[in-house]
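Count along the sequence shown from 1, then add 75; that gives the number in this note's numbering.
Below: one structure, written as structure tokens.
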Amino acid sequence: MIIINPLKKFTLLFNAHTNTFLNKVSSAVVLLLILSFNSLFAQKLERIEPMFWFAGMHNPKLQLLVHGENIASSSVSLTYPGVKLLKVNKVENPNYLFLDLTIAPAAKAGKFPINFTVKGKKIFSYTYELKKRDKSAGRIQGVTNKDFIYLLMPDRFSNGDKSNDVVQGLTETALNRDSMYYRHGGDIQGVINHLDYLKDLGVTTVWMTPEVENDMPQASYHGYAVTDHYKIDPRFGTNALYKKYVEIAHAKGLKIIKDVVHNHIGTQHWFYKDLPMKSWLNQWPKYTQTSYRDQTVMDIHASAADRKQMLDGWFVPTMPDLNQRNPYVQNYLTQNHIWWIEYAGIDGLRLDTYGYNDPVYMADWALKVQAEFPHLSVFGETLVTAVANQAFFTGGNTVNRGFDTHLQGITDATLKDAIYEGINGKNGWVDGINRLYATLAHDFLYKNPNTNCIFLDNHDMSRFYSMVGEDFDKYKMGMSILLTMRGIPQMYYGTEILMKNFSNPDGLIRSDFPGGWEGDKKDKFVTDGRTKKENEAFDFVKKLANFRKSSPALQTGKLMQFVPQDDVYVYFRYNAESKGTVMVIVNNTENEKALSTDRFAERTAGITSAKNVITGETIGFKNIKVPAKTTLVLELR
């Protein structure tokens, strides 16, 4: 922070010579002089965002947000080869300026002053820097259907640095692992410490819930109520540590996804406390919460008022809704995400509450981000109830939406529901395992279903092991489907060691990973700390995940499914180029089934035997015995 205010010095001098001064001029003139000095010098530059930028970006335009007391009374100038200040935008709040710059493609990395003057006198300057873009090999690789994502909450995974457990000056300073609502002390260093554990498990990509500052008075651990877009929460670490985390992960062959939130902020956000303009947020005469009804966005019969409440209503009272139709808000968010990608070199983005965002802005956002980072992967959270609803948000205008969102993929909640029905449900014409078949039959609605993120649970819903009644056979069935299905599989932390609970309240599904804290009675990161069943679960996931890493059929292969018969569902993943084929057989009944392979000749011509991926056993292929409540994963030969 830069503070320059000579008024205080002037006032002290005035007080020291009050009698003499008042004998010569009237008090009214003195007051005018003081006000003049106040207007001239009472500026305070608090921040410029982005605080630095990068030379050689695709988009030559950059808009700097400048915040400080009475900053709008300043004039602004800069001189640097290839950089031009096109316009200084003043808005409703005099504590803000928005500077429109252009940066020529030939502009070199370097530093230059941005000068602020009042009535011709420079009151301060900010040294701005254009950094050189990092084009190192292995940066910003993208996350594809070759990958296996591990989702974790940093506060609940592992505490690698106890010195940042409590940070004075923040609104929440309590650390209480016995409460599901307070911070527990997990951090980025804790994740770094266990990257080898994740790699050994077969994970290729790590997704953390948001790491940026959440200086909220309660439940700040989850990360979805940002209070500073450009700052890693100090209880998790620093910006520099986050960048180091990405670099270490890349060195180990792991990719990184960053979780970002377009829709809302926290009520303790610094610009919520001093809004640039009223239209920065979606304002209502009285508090109005979103309806959470995604149908209103796509319903051709929908009321305009219903659609507005869905998009503009606040998510919860502590999360103000950003007005993404405001061009200043658009620039701020888009530049922030581009800044983080280039600064840290992350490989993908997960977009929180995607369906609640302004659709026109989000399409523009996607184009601008992809122009800078062609290999970056992006998927949006769409917790909806039908395949068509999900496809509505994805790119390609495949469902007659009228424009292309350019969104690569979504969180495939309808497939998750279908897998549960296939495991837990009673088979019928449209129920049980037939629901899974029918759901996948709707993949024609997507431009590319392989870019969807598929999952069984996450930080907002009941854990998978509890949802299958802690039935270990069903657990193995579900994990087998997850890791052999089309799309990009994602697993929630602790699923590999049978962590359980229902999401009422949601703190129950966000328990600490045992062993992530010094003094934990059990360390589930190591074999000796796990029970026999937990090790069986861990080894099961590890076997499938690492097989997937070596199987072109599962990584990039096509999917062919067959109509379930006799309550048995069969699908194939196959890669014509490598001639690799994986056959998956799902028997969700309580009885062993005998399966003749004659009807699968399209995919099995020339096959004489098959290898059970889990057991390593080679079995005859003509007739296959499928045990009860089993998903067989077979590598065909």
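Using N, Cα and C, we set each Cβ at its ideal position, and we do this for glycine too.
It should be emphasised that the depicted structure is a prediction, and the values quoted were computed from it without experimental measurement.
**Request:** Using the Cα positions of Pro360 and Gly341, report the straight-line distance between them to the nearest angstrom.
**Result:** 20 Å
**Request:** Throw me the rounded Cβ distance for the Glu667 and Ala703 pair, which I believe falls under 8 Å.
**Result:** 6 Å
**Request:** Could you pull the start and end residues of the alpha helix (DSSP H) that Glu447 belongs to?
**Result:** Judged by DSSP secondary structure, Glu447 falls within the alpha helix (DSSP H) whose first and last residues are Pro434 to Glu447.
**Asked** In whole angstroms, what separates the C-alpha of Lys618 from that of Gly277?
**Response** C-alpha separation (whole angstroms): 8 Å.
**Touching by the beta-carbon criterion (3+ pairs, under 8 Å), the stretch 387-394 and the stretch 193-211** = no
**Status (buried if at least 16 other CB within 10 Å, exposed otherwise) for Trp415** = buried
**Contact set for Val242: own chain, Cβ-Cβ below 8 Å, skip 5 residues either direction** = Thr248, Pro309 and Arg310
**Request:** Would you grab the beta carbon distance between Phe199 and Leu120 for me? Rounded to a whole angstrom, and I think it's under 8 Å.
**Result:** 6 Å
**Request:** Please go through the same chain and pick out, in chain order, the residues whose beta-carbon is closer than 7 Å to the beta-carbon of Gln399, but skip the five residues on each side of it.
**Result:** Excluding residues up to 5 positions away in sequence, His337, Gln405, Asn432, Asp433 and Tyr436 lie with their Cβ nearer than 7 Å to the Cβ of Gln399 in the same chain.
**Asked** Can we say the stretch 324-339 touches the stretch 255-262, given the rule of at least three CB pairs closer than 8 Å?
**Response** no
**Asked** Hey, which unbroken runs of the beta strand (DSSP E) at 3 residues or more fall wholly within the stretch 229-254?
**Response** none
**Asked** Who are the Cβ neighbours of Leu106 in its own chain at under 7 Å, not counting the five residues just before and after it?
**Response** Any answer about Leu106 is weak, because its pLDDT of 41 lies below 50 and its placement is not dependable; what the coordinates show is given next. Nothing meets the Cβ criterion.
**Message:** Please state whether the Cβ-Cβ distance between Thr473 and Tyr429 is less than 9 Å.
**Reply:** No, the Cβ-Cβ distance between Thr473 and Tyr429 is not below 9 Å.
**Request:** Taking the CB atoms as reference points, tell me whether Met566 and Phe530 lie closer together than 9 Å.
**Result:** yes
**Asked** I think Val158 touches Ala182, with their Cβ atoms under 8 Å apart; what is that distance to the nearest whole Å?
**Response** The Cβ separation is near 6 Å, so the contact holds.
**Message:** Can you give me the C-alpha to C-alpha distance between Thr280 and Tyr225, rounded to a whole angstrom?
**Reply:** 6 Å
**Request:** Use the C-beta contact count for Trp504: other C-beta atoms within 10 angstroms, 16 or more gives buried, fewer gives exposed.
**Result:** So Trp504 counts as exposed.
**Request:** Report buried or exposed for Ala651, applying the criterion of at least 16 other Cβ atoms within 10 angstroms of its Cβ.
**Result:** By the neighbour-count criterion, in which a residue is buried when 16 or more other Cβ atoms sit within 10 angstroms of its Cβ, Ala651 is exposed.
**Prompt:** If you drop the 5 nearest sequence neighbours on each side, which residues of the same chain put their C-beta closer than 8 Å to that of Tyr649?
**Reply:** Closer than 8 Å at Cβ, skipping near neighbours: Ala628, Gly632, Lys633, Met635, Gly655, Thr656, Val657 and Arg678.
**Prompt:** Around the C-beta of Leu97, are 16 or more other C-beta atoms found within 10 angstroms, so that it is buried, or is it exposed?
**Reply:** Note on Leu97: pLDDT 36, under 50, position unreliable in the model; the coordinate value appears next. Burial call: exposed.
**Request:** Just mark Asn687 as buried or exposed, buried being the case when its beta carbon has 16 or more other beta carbons within 10 Å.
**Result:** That one is exposed.
**Prompt:** Three-state secondary structure (DSSP) at Leu205?
**Reply:** Strand at Leu205.
**Request:** Spatial neighbours of Ser653 within its chain, please: CB distance less than 6 Å, with the 5 preceding and 5 following residues excluded, ordered by chain position.
**Result:** Pro627
**Message:** What residue range does the alpha helix (DSSP H) around Gly265 cover?
**Reply:** Ile263 to Asn268
**Item:** At least 3 beta-carbon pairs within less than 8 Å: the stretch 521-535 vs the stretch 553-569
**Value:** yes
**Local conformation of Phe588 per DSSP, three classes** = In the structure shown, Phe588 sits in coil (DSSP, three-state: anything other than H, G, I, E or B).
**Asked** Per DSSP, Glu124 is paired with what?
**Response** Leu140
**Item:** Cβ contact (3+ pairs, closer than 8 Å) linking the stretch 682-701 and the stretch 532-543
**Value:** no
**Asked** Per DSSP, Gly391 is paired with what?
**Response** One detail in the question is off: residue 391 reads as Val in this sequence, not Gly. Its beta-bridge partners are Met394.
**Item:** Counted within 10 angstroms of its Cβ, other Cβ atoms place Asp506 as buried (16 or more) or exposed
**Value:** exposed
**Request:** Could you name the residues that DSSP lists as bridge partners for Thr693?
**Result:** Lys686
**Request:** Please confirm whether Thr706 and Val638 have their CB atoms less than 9 Å apart.
**Result:** no
**Item:** For Arg231 and Tyr257, the rounded distance between their alpha carbons
**Value:** 11 Å
**Prompt:** Considering only the beta carbon of each residue, do Leu140 and Trp128 sit closer than 9 Å?
**Reply:** no
**Prompt:** Residues bridged to Asn698 by DSSP?
**Reply:** Ser671
**Message:** So Lys353 and Thr409 are supposed to be a Cβ contact under 8 Å. How far apart are they, rounded?
**Reply:** That pair is no contact at about 22 Å.
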